[in-house]
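Here the structure comes first, spelled out in structure tokens, and everything after it is commentary.
In my numbering, the protein residues as written are 4 to 452.
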């Protein structure tokens with residue numbers, strides 16, 4: 004009897020010790036847990052990883068779910084493969100409520116990856132958040148809540164600043180714009196976000212040495228500037244309320260403030276009551292800011308702003324002087340193109356053909372697919388048809404074949420100008436010589452130059 008009691012006591016103690024030893028990672032606060040639970044964690048990770056690598060996400064789900072629940076801090080594979088497993092389930096789900104719940108599970112998965120592996124050297128919380136945003140927008144489409152996107156990205160941008168991923172900065176600014184469109188009280192916040200993101204992107208651009216990477220980032224920056232200008236949120240009235248002459252005087256030695264003031268006015272337009280653009284915001288503020296900034300530290304933006312001031316005053320010689328300075332000081336192609344466009348504008352106002360050609364050729368050297376310039380060059384050829392063949396109207400009209408060819412090339416290279424190019428093509432086709440006219444000129448004919 005005593006022996007039986009001893010055996011029973013030993014059995015209870017042994018079972019108790021196994022219970023203490025077997026503990027999940029989630030319960031113990033350790034990566035794998037302990038005892039049998041740690042073994043099960045490793046087994047589940049191995050099983051779902053094998054299935055996921057073979058794209059067998061259905062069979063991967065159950066062991067993945069167990070590992071995610073019991074030992075969430077054990078392996079990055081729980082999150083790398085887990086995102087694909089959940090996206091597979093989302094793609095198959097037809098019930099709207101269940102699909103929404105799965106999307107929330109996916110977002111929570113990214114949050115937990117940040118919790119356990121957010122400081123990972125290869126992929127930290129900045130890159131993880133970008134994946135979260137990309138998946139959320141892809142899965143929700145036009146039902147996306149940009150307020151959520153703004154909250155997710157804002158925390159990262161505030162922490163990482165100029166080291167934030169460029170694409171994350173893009174979504175940060177895009178979501179800020181969408182929030183401001185729905186809530187007028189957020190307009191000033193959007194202006195500040197735009198200035199911060201632009202500054203960070205400019206810093207990244209100046210640090211890049213790879214020409215392809217620079218070109219791609221310049222495109223992103225140009226798109227954000229264009230979106231800002233077209234948003235209707237940076238209204239002239241709002242800018243005048245925020246940026247006053249008194250504020251410029253108070254901060255006339257603050258280079259960053261002066262530079263941001265110039266940039267925000269340069270990328271804003273004045274609009275009529277229906278929201279249509281009617282020209283640049285007419286304010287002395289950016290001119291004064293540019294004047295102070297150029298004294299402190301000559302820069303491309305300050306020079307362009309001063310050039311704009313002299314253009315408005317019709318002092319074109321002085322304007323050209325500052326544009327030349329802007330070209331010299333420009334550190335990237337976007338800034339150079341904007342400076343050459345100012346030069347091109349002055350050439351048009353003054354009828355200086357040589358200056359226009361120089362500006363156009365410089366822009367095309369940077370971007371051979373600039374449709375606006377290609378169209379202008381084609382039109383210029385058309386306008387000079389009579390001087391090319393003086394006294395021969397038929398041959399002069401043959402020049403329009405070349406003009407049409409140039410316009411077709413412009414439309415093909417730059418889809419943004421296709422509509423304008425096609426309208427002009429229609430106009431020039433109507434002016435082409437008739438077959439009977441060409442018949443009277445034996446030197447002309449199909450295939451002849």
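We put the CB at the ideal spot given by N, CA and C, even for glycine.
When the Cα atoms are used, what is the spatial distance from residue i to residue j?
{"i": "residue 284", "j": "residue 97", "result": "50 Å"}
{"i": "residue 334", "j": "residue 293", "result": "18 Å"}
{"i": "residue 173", "j": "residue 204", "result": "9 Å"}
{"i": "residue 136", "j": "residue 149", "result": "10 Å"}
{"i": "residue 427", "j": "residue 355", "result": "24 Å"}
{"i": "residue 64", "j": "residue 39", "result": "21 Å"}
{"i": "residue 126", "j": "residue 168", "result": "11 Å"}
{"i": "residue 57", "j": "residue 88", "result": "12 Å"}
{"i": "residue 301", "j": "residue 332", "result": "8 Å"}
{"i": "residue 41", "j": "residue 90", "result": "27 Å"}
{"i": "residue 61", "j": "residue 52", "result": "12 Å"}
{"i": "residue 336", "j": "residue 119", "result": "41 Å"}
{"i": "residue 297", "j": "residue 305", "result": "6 Å"}
{"i": "residue 288", "j": "residue 391", "result": "48 Å"}
{"i": "residue 46", "j": "residue 83", "result": "17 Å"}
{"i": "residue 166", "j": "residue 131", "result": "14 Å"}
{"i": "residue 424", "j": "residue 378", "result": "7 Å"}
{"i": "residue 352", "j": "residue 239", "result": "25 Å"}
{"i": "residue 420", "j": "residue 54", "result": "50 Å"}
{"i": "residue 268", "j": "residue 72", "result": "52 Å"}
{"i": "residue 396", "j": "residue 409", "result": "21 Å"}
{"i": "residue 344", "j": "residue 85", "result": "50 Å"}
{"i": "residue 339", "j": "residue 212", "result": "17 Å"}
{"i": "residue 387", "j": "residue 341", "result": "27 Å"}
{"i": "residue 315", "j": "residue 114", "result": "53 Å"}
{"i": "residue 307", "j": "residue 164", "result": "27 Å"}
{"i": "residue 94", "j": "residue 177", "result": "26 Å"}
{"i": "residue 101", "j": "residue 59", "result": "21 Å"}
{"i": "residue 403", "j": "residue 381", "result": "9 Å"}
{"i": "residue 81", "j": "residue 92", "result": "16 Å"}
{"i": "residue 231", "j": "residue 407", "result": "34 Å"}
{"i": "residue 48", "j": "residue 69", "result": "9 Å"}
Within 10 angstroms of its Cβ, does residue i collect 16 or more other Cβ (buried), or is it exposed?
{"i": "residue 16", "result": "Low confidence applies here, because residue 16 scores a pLDDT of 42, under 50, leaving its location unreliable; read the following figure in that light. With fewer than 16 Cβ atoms within 10 Å of its Cβ, residue 16 is classed as exposed."}
{"i": "residue 277", "result": "Confidence in residue 277 is poor, its pLDDT being 46 and thus under 50, which makes the residue's placement unreliable; the coordinate value appears in the next sentence. Exposed, because fewer than 16 other Cβ atoms sit within 10 Å of the Cβ of residue 277."}
{"i": "residue 117", "result": "buried"}
{"i": "residue 318", "result": "exposed"}
{"i": "residue 221", "result": "buried"}
{"i": "residue 398", "result": "buried"}
{"i": "residue 207", "result": "buried"}
{"i": "residue 247", "result": "exposed"}
{"i": "residue 439", "result": "exposed"}
{"i": "residue 418", "result": "exposed"}
{"i": "residue 122", "result": "exposed"}
{"i": "residue 373", "result": "buried"}
{"i": "residue 270", "result": "buried"}
{"i": "residue 252", "result": "exposed"}
{"i": "residue 433", "result": "exposed"}
{"i": "residue 215", "result": "exposed"}
{"i": "residue 363", "result": "buried"}
{"i": "residue 183", "result": "buried"}
{"i": "residue 124", "result": "exposed"}
The alpha helix (DSSP H) that contains residue i, what's its start and end?
{"i": "residue 239", "result": "239-245"}
{"i": "residue 263", "result": "258-269"}
{"i": "residue 401", "result": "396-416"}
{"i": "residue 64", "result": "60-73"}
{"i": "residue 434", "result": "Looking at the DSSP string, residue 434 is not in any alpha helix (DSSP H), and its letter there is neither H nor E."}
{"i": "residue 211", "result": "That residue, residue 211, is in no alpha helix (DSSP H); it is neither H nor E in DSSP."}
{"i": "residue 457", "result": "In the structure as shown, the chain begins at 4 and stops at 452. Residue 457 is therefore absent and cannot be evaluated."}
{"i": "residue 420", "result": "Premise fails: residue 420 is in no alpha helix (DSSP H) and is neither H nor E."}
{"i": "residue 368", "result": "356-369"}
{"i": "residue 392", "result": "No alpha helix (DSSP H) holds residue 392; DSSP gives it neither H nor E."}
{"i": "residue 177", "result": "169-185"}
Among the options, which residue has its Cα nearest to the Cα of residue i?
{"i": "residue 234", "options": "254, 179, 210", "result": "179"}
{"i": "residue 389", "options": "381, 382, 400", "result": "400"}
{"i": "residue 157", "options": "310, 263, 200, 359", "result": "200"}
{"i": "residue 227", "options": "438, 255, 397, 198", "result": "198"}
{"i": "residue 79", "options": "105, 94, 102, 128", "result": "128"}
{"i": "residue 142", "options": "105, 264, 131, 325", "result": "105"}
{"i": "residue 327", "options": "346, 72, 122, 124", "result": "346"}
{"i": "residue 322", "options": "310, 186, 316", "result": "310"}
{"i": "residue 416", "options": "154, 429, 375, 94", "result": "375"}
{"i": "residue 435", "options": "411, 394, 385", "result": "385"}
{"i": "residue 255", "options": "299, 224, 223", "result": "299"}
{"i": "residue 237", "options": "219, 264, 429", "result": "264"}
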